[in-house]
Amino acid sequence: MSTLAALAHSLAHVELSKAPKAVHILLLEFPVINLLPEGGRLSLPQPSLVAVREKPPFDQNSYAVPDASIFAVVQVTPPDPYCFASASNTAQGLIKAVETVVCEPGVTTMELVRYTGTKRNAEVTRFRLINKGKTSVVFDLDEPALVDLLKKQATQKWIGVLSDLIHRRSARSYYHVHNRLHAAYGENGVDAEESNWSTQWDTHPPRPARELLEARLSRAQAGNSSAVQLPCGHIVVVREVMLQALQADSCAMYSCHKCEAPALQPEDFKELALKTERRQAAAFVAVNRQWRSLEGRMVDDTHSMLVPTTALLCALAAALGSLRPTLFIASPEMSFTNFAETAAVFAGFERKLQNANVTYETTPLALYAMLRDFAGEARGRQPGADETTLIPSWTEDLERWLRRAVRLLADRACFRRHPKHVGVHMHEGWLCCGMQEPNVVMSDREVEMDENGEEITSMAELADLFDGSTVVDDPTGLDDFETLARQEGFALGDANDGENQQSPERECFQEQELPGGNSAEEELLAWDSEDEDIVT
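Going by full-length UniProt numbering, the sequence shown runs without a break in its numbering and finishes at 536.
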């Protein structure tokens, strides 16, 4: 993948043209036990989508969630002179109160707890806003008011973070609630709260598109297993061998050729979306395991190395992409890659490096210091840069980003000149970064010779790539890393040395050819279009 393509992928969700603005941080804490009224009983809703998710592992770092704090970054807006904060226990009253406190840079804590009321057996969510450590405003929202509040997350991004937290939809929210319950009640209290639903994790994983399609096809005639009725009511012939040969996207988009009504229903597409989220989470965990193994290695930070600017930009893009979690892991509103401040820093790197076309002779320590200087310079020229440090963990994530990029270049350098070894790619399951300068990549003739088995790259380069210093200590569980990464679009090249090898995982996604020479989709469409209506 080219450098520009890698940058575009890693920053797909970041508005590079958007300059950072002054921000106000809304810290969310849930549940806050001391907010319970006398006689009130703690009430927590069951985590969302438990049956279709895997239980988050005990080690938060597996999901790249070292800090389970929950926050929302709100852009500072001038107060409306014609709008006054309301203390009413309504969704609009709480929204107006938040708008009042975010009119200047700073930090506000929003504490909340859900409980069953003492007078009526009704759910109440109590909110308390604390600004500058002293101002405290309390709102009690009944269930209809809370539902009304959560409906407004399209216009108020902080409400989306709040919804994720209350329903524990992401692993980060699950960890946050788990940690707070453990601090308040200990292990026994956590077990008591989770006992009602802890056995439901992963009991109904989302089905693949083929299974969903098969479930929508009902046998139309006794003794004719190929005649099926579609949800629209039309009857067609679908042979089992053809159905099994359909690829996933063809199954999802299959429709009746008579009325063009899709076979899958809206609830099926929701299930497919959940399956995609789950697959993306698995890919993120696999990628994160690679980066964690890289971070855990001992490297001499003073050894000299040559770093082309093209390789440096690729490493920065890949390291930044590794910090973007999926929806099942954390709300995107808290992602380091989602902040305009981060985009501004990367734009600064791009200005400095993209057209330089030079090779730095440096050390890992000096390279890290140089990147920090570049980042500081990029932040310094942006409006609102002083408020960037208010974003929780932003500085730590910046340092982690730069350390990962430098470590990739220092410990996983690839000097092969084959085009497939340019940029961030895989070597036998391990993450590597090509260190080639553009003018020393193989010519077409050299590529042809290399793919025909003629050795071009020196044995010294191969030994440097595959010696013991570049082998990760713990390869357990990484067999499917490359397959997962490719499925989810991670910026990885193919380093099979031009041999066109295919793994079993790749082969199972190839279009299956039938004896007649046509693809499975072509055969199925031919059968479908040639059949006349079958009368029951």
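Even glycine gets a Cβ: it sits at the ideal position worked out from N, Cα and C.
Checklist entry - beta strand (DSSP E) containing Phe139: first to last residue? => result From DSSP, the beta strand (DSSP E) with Phe139 extends over Thr135 to Asp142.
Item to check | Distance between Ser163 and His178 (C-alpha atoms, nearest Å) | outcome: Cα to Cα, His178 sits roughly 16 Å from Ser163.
Checklist entry - In its own chain, which residues sit with a C-beta less than 6 Å from the C-beta of Ile130, not counting the 5 before and 5 after it? => result Apart from sequence neighbours up to five positions away, the residues of its chain that approach Ile130 with a beta-carbon distance below 6 Å are Thr109 and Ser136, ordered along the chain.
Checklist entry - Mind checking Asp373: buried by the 16 CB within 10 Å criterion, or exposed? => result A residue is called buried once 16 or more other Cβ atoms fall within 10 Å of its Cβ, and Asp373, having fewer, is exposed.
Checklist entry - Assuming Leu431 contacts Ala315 under a Cβ cut-off of 8 Å, what Cβ separation, rounded to an integer in Å, is found between them? => result Under the criterion of beta carbons closer than 8 Å, Leu431 and Ala315 do not qualify as touching, at roughly 10 Å.
Checklist entry - By the 10 Å Cβ neighbour count, where 16 or more other Cβ atoms means buried, how is Met298 classified, buried or exposed? => result Exposed.
Checklist entry - Just the Cα atoms here: how many angstroms apart are Ser255 and Ala281? => result Their backbone Cα atoms lie some 30 Å apart in a straight line.
Item to check | Pair within 8 Å by beta-carbon distance, Ile70 and His182 | outcome: Between Ile70 and His182, the C-beta spacing is not below 8 Å.
Item to check | Three-pair Cβ contact test at 8 Å for the region 204-212 versus the region 248-265 | outcome: Segment contact: the region 204-212 against the region 248-265, three or more CB-CB distances shorter than 8 Å; contact assigned.
Item to check | Exposed unless 16 or more other CB atoms sit within 10 angstroms - verdict on Pro47 | outcome: Classification of Pro47: buried, given that the 10 Å Cβ count is 16 or more.
Item to check | Proximity below 8 Å, CB of Val23 to CB of Gln75 | outcome: Between Val23 and Gln75, the CB-CB gap stays under 8 Å.
Item to check | Beta-carbon gap between Leu320 and Thr309 smaller than 8 Å | outcome: In terms of Cβ geometry, Leu320 and Thr309 do not form a close pair [threshold 8 Å].
Checklist entry - Which same chain residues, not among the five before or five after Glu361, have their C-beta less than 6 Å away from its C-beta? => result Closer than 6 Å at the Cβ level, and outside the excluded window around Glu361, lie Leu306.
Next on the checklist: Is it buried or exposed, His421, if we count other Cβ atoms within 10 angstroms and call 16 or more buried?
Outcome noted: With a threshold of 16 other beta carbon atoms within 10 Å, His421 meets it and is buried.
Checklist entry - In this structure, does DSSP put Ala122 in helix, strand or coil? => result Of the three classes helix, strand and coil, the one that applies to Ala122 here is coil, per DSSP.
Item to check | Glu260, DSSP secondary structure in three states | outcome: It is coil, neither helix nor strand.
Item to check | 7 Å Cβ shell around Thr359 - same chain, five flanking residues per side excluded | outcome: Counting only Cβ-Cβ distances below 7 Å, and skipping sequence neighbours, we find Leu306, Val307, Pro308 and Glu437.
Next on the checklist: Under DSSP, the beta strand (DSSP E) around Phe71 begins and ends at which residues?
Outcome noted: Run containing Phe71: Ile70 to Gln75, per the beta strand (DSSP E) assignment.
Checklist entry - In the DSSP assignment, what residue or residues form a beta bridge with Ser218? => result Answer is Gln229, bridged to Ser218.
Checklist entry - Would Gly423 be called buried (16 or more neighbouring beta carbons within 10 Å of its own) or exposed? => result By the neighbour-count rule (16 or more Cβ atoms within 10 Å), Gly423 is buried.
Next on the checklist: Using only the alpha-carbon positions, how far apart do Val65 and Phe139 sit?
Outcome noted: Their backbone Cα atoms lie some 30 Å apart in a straight line.
Checklist entry - The beta strand (DSSP E) spanning Cys433 covers which residue range? => result Per DSSP, Cys433 belongs to the beta strand (DSSP E) from Trp430 to Gly434.
Checklist entry - If you run the structure through DSSP and keep just helix, strand and coil, what is Leu36? => result Three-state result, Leu36: coil.
Next on the checklist: I need the DSSP call for Arg168, collapsed to helix, strand or coil.
Outcome noted: Three-state DSSP puts Arg168 in coil, outside helix and strand.
Checklist entry - Taking three-plus beta-carbon pairs below 8 Å as touching, is the region 272-289 in contact with the region 396-407? => result The region 272-289 vs the region 396-407: no contact.
Item to check | When Met370, Met426, Leu294 and Pro231 are compared against Ala263, the one with the closest alpha-carbon | outcome: When each option's Cα is compared against that of Ala263, the closest is Pro231.
Checklist entry - Taking the alpha-carbon positions, what's the Ile391 to Ala261 distance? => result Ala261 has its alpha-carbon roughly 48 Å from the corresponding atom of Ile391.
Checklist entry - So is Gly434 buried or exposed if we call it buried at 16+ other beta carbons inside 10 Å? => result Result: buried.
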